[in-house]
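The numbering of the first sequence is the working numbering, which starts it at 610 and goes up by one.
For each residue, glycine too, the CB sits at the ideal point set by N, CA and C.
Encoded as structure tokens, the structure appears first; notes follow it.
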Amino acid sequence: MPELPEVETFVRALRRPLLGRTIIDLRNDWPRHIAQPAPDELAARIAGRRIEAIDRRGKYLVFTLSDDETLVIHLKMSGHLSVVPGDAPPDPYAHTVFLLDDGGELRFRDPRKFGRVYLLRDPDGVLGPLGPEPLADDFSAEALAAALARRRRVLKPLLLDQTFIAGIGNIYADEALFDAGLLPTRHSHTLTPDEVAALHAAIRKVLALGIAREGASISTYVKPDGQKGDMQNAVAVFRRTGQSCYVCGGPIERIVLGGRSTHYCPNCQH
DNA sequence: ACCGGAGCCTGTTAGC
DNA sequence: TGCTAACAGGCTCCGG
Numbered sequence: 610m611p612e613l614p615e616v617e618t619f620v621r622a623l624r625r626p627l628l629g630r631t632i633i634d635l636r637n638d639w640p641r642h643i644a645q646p647a648p649d650e651l652a653a654r655i656a657g658r659r660i661e662a663i664d665r666r667g668k669y670l671v672f673t674l675s676d677d678e679t680l681v682i683h684l685k686m687s688g689h690l691s692v693v694p695g696d697a698p699p700d701p702y703a704h705t706v707f708l709l710d711d712g713g714e715l716r717f718r719d720p721r722k723f724g725r726v727y728l729l730r731d732p733d734g735v736l737g738p739l740g741p742e743p744l745a746d747d748f749s750a751e752a753l754a755a756a757l758a759r760r761r762r763v764l765k766p767l768l769l770d771q772t773f774i775a776g777i778g779n780i781y782a783d784e785a786l787f788d789a790g791l792l793p794t795r796h797s798h799t800l801t802p803d804e805v806a807a808l809h810a811a812i813r814k815v816l817a818l819g820i821a822r823e824g825a826s827i828s829t830y831v832k833p834d835g836q837k838g839d840m841q842n843a844v845a846v847f848r849r850t851g852q853s854c855y856v857c858g859g860p861i862e863r864i865v866l867g868g869r870s871t872h873y874c875p876n877c878q879h
């Protein structure tokens, strides 16, 4: 389940093999992978475009192409991107493949087919609704405090709301709440200034740790080179139901909030 | 404005 | 040990 740190890991690994390359063609065996525009139009418009920059916005990968085109990819649950030689063994799960001018391929592997590809002249149409980047300099505790007070919502589902903050998914939401010592069932407008400060620091801490450890290989995620990340060895609560809390020794509990499994320590979080 | 549920998918896991 | 059924999970859409 790629979240901000996992997507950032892809972005960093893809820059070296892709920057300066030109996309010459597209292969697709699952048309629903292409969200926008229609697959044949996307193929026609992307051919001949050079990859000039690769960045991340929330959980989206953003490829700035020549001629003011932007390729946007969301990996959703099981998406994976890698650059391989053209004669690499075929991958039945690589539903969308970008052919490169050096003979290589950018493969979008996606067993569950939840991922989406966009080719946009104005990426704001897709990226515009996203909330602030939690690792950006202008994401301050004061800004978070104001945003929390404005919405009266349960913390866990709110952290997963991409229009509130961009990039946090189920793993890092649970980890951030544990690190901040806050129960996932707390309501956003009830946090004290100290609690907001703790949450702000915790969000940035766990995301930065996830990036440093190149992502959490808990379900299907692996790095572009196929190797596992290392963040799964540093989680405090996620999918540790019944196991001992590393801080107090008590059992980690699991509840469902907003339809998502939620893990926390009832002793350490208040 | 917010919440809950269905739907999209298929590999993995739980339960018999 | 082998099978089937439920689950996971980001996000969108719908109805309340």
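Starting from residue i, trace the alpha helix (DSSP H) in both directions and tell me its first and last residue.
| i | result |
| --- | --- |
| phenylalanine 748 | Segment: none, phenylalanine 748 is in no alpha helix (DSSP H) and carries neither H nor E. |
| arginine 822 | Counting along the chain, arginine 822 falls outside any alpha helix (DSSP H), and DSSP gives it neither H nor E. |
| glycine 734 | 733-736 |
| leucine 800 | Taken as a continuous stretch (DSSP letters only), leucine 800 belongs to no alpha helix (DSSP H), as it is neither H nor E. |
| leucine 739 | Where leucine 739 is concerned, there is no enclosing alpha helix (DSSP H), given that its DSSP letter is neither H nor E. |
| lysine 722 | No alpha helix (DSSP H) contains lysine 722, which DSSP labels as neither H nor E. |
| proline 766 | 764-769 |
Can you name, in chain order, every residue of its own chain whose Cβ lies under 6 Å from the Cβ of residue i, other than the five neighbours on each side?
| i | result |
| --- | --- |
| isoleucine 820 | Pro614, Glu617 |
| leucine 786 | Pro793 |
Between which two residues does the beta strand (DSSP E) carrying residue i extend?
| i | result |
| --- | --- |
| alanine 782 | It is not in any beta strand (DSSP E) - alanine 782 instead sits in the alpha helix (DSSP H) that spans 779-789. |
| leucine 708 | 703-709 |
| leucine 792 | Here leucine 792 belongs to no beta strand (DSSP E), and DSSP marks it neither H nor E. |
What residue from the options has the CA that sits closest to residue i's CA?
| i | options | result |
| --- | --- | --- |
| aspartate 731 | Gly838, Ala750, Thr679, Ala652 | Thr679 |
| threonine 829 | Val805, Arg760, Lys685, Ile864 | Lys685 |
| glycine 858 | Val846, Ile864, Leu866, Val865 | Val846 |
| proline 653 | Leu635, Lys668, Ile827 | Checking the sequence, you will find alanine at residue 653 rather than proline. The option with the nearest alpha carbon to alanine 653 is Leu635. |
| isoleucine 632 | Pro611, Ala656, Lys814 | Ala656 |
| proline 860 | Gly867, His872, Gly868 | His872 |
| tyrosine 702 | Asn637, Leu764, Asp649 | Asn637 |
Among the residues of its own chain, which have a CB less than 8 Å from the CB of residue i, if the five just before and after it don't count?
| i | result |
| --- | --- |
| phenylalanine 723 | Lys685, Met686, Ser687, Gly688 |
If contacts are defined as beta-carbon pairs under 8 Å, then residue i and residue j qualify, I think. What distance do you get, rounded to the angstrom?
| i | j | result |
| --- | --- | --- |
| glutamate 714 | glycine 695 | 6 Å |
| leucine 769 | alanine 782 | 6 Å |
| arginine 716 | valine 693 | 6 Å |
To which residues of the same chain is residue i closer than 7 Å at the C-beta, ignoring the five residues directly before and after it?
| i | result |
| --- | --- |
| glutamate 612 | Lys668, Gly776, Ile777, Gly778, Ile780, Tyr781 |
Legend entry - Sequence ranges, beta strand (DSSP E) only - wholly within the region 827-870, length at least 3: Listed in chain order, the complete beta strand (DSSP E) runs (minimum 3 residues) inside the region 827-870 are 862-866.
Legend entry - 3-residue-minimum beta strand (DSSP E) runs that sit fully inside the region 610-689, ordered along the chain: For the region 610-689, whole beta strand (DSSP E) runs of length 3 or above, ordered along the chain, are 631-637, 643-645, 658-666, 669-674, 679-683.
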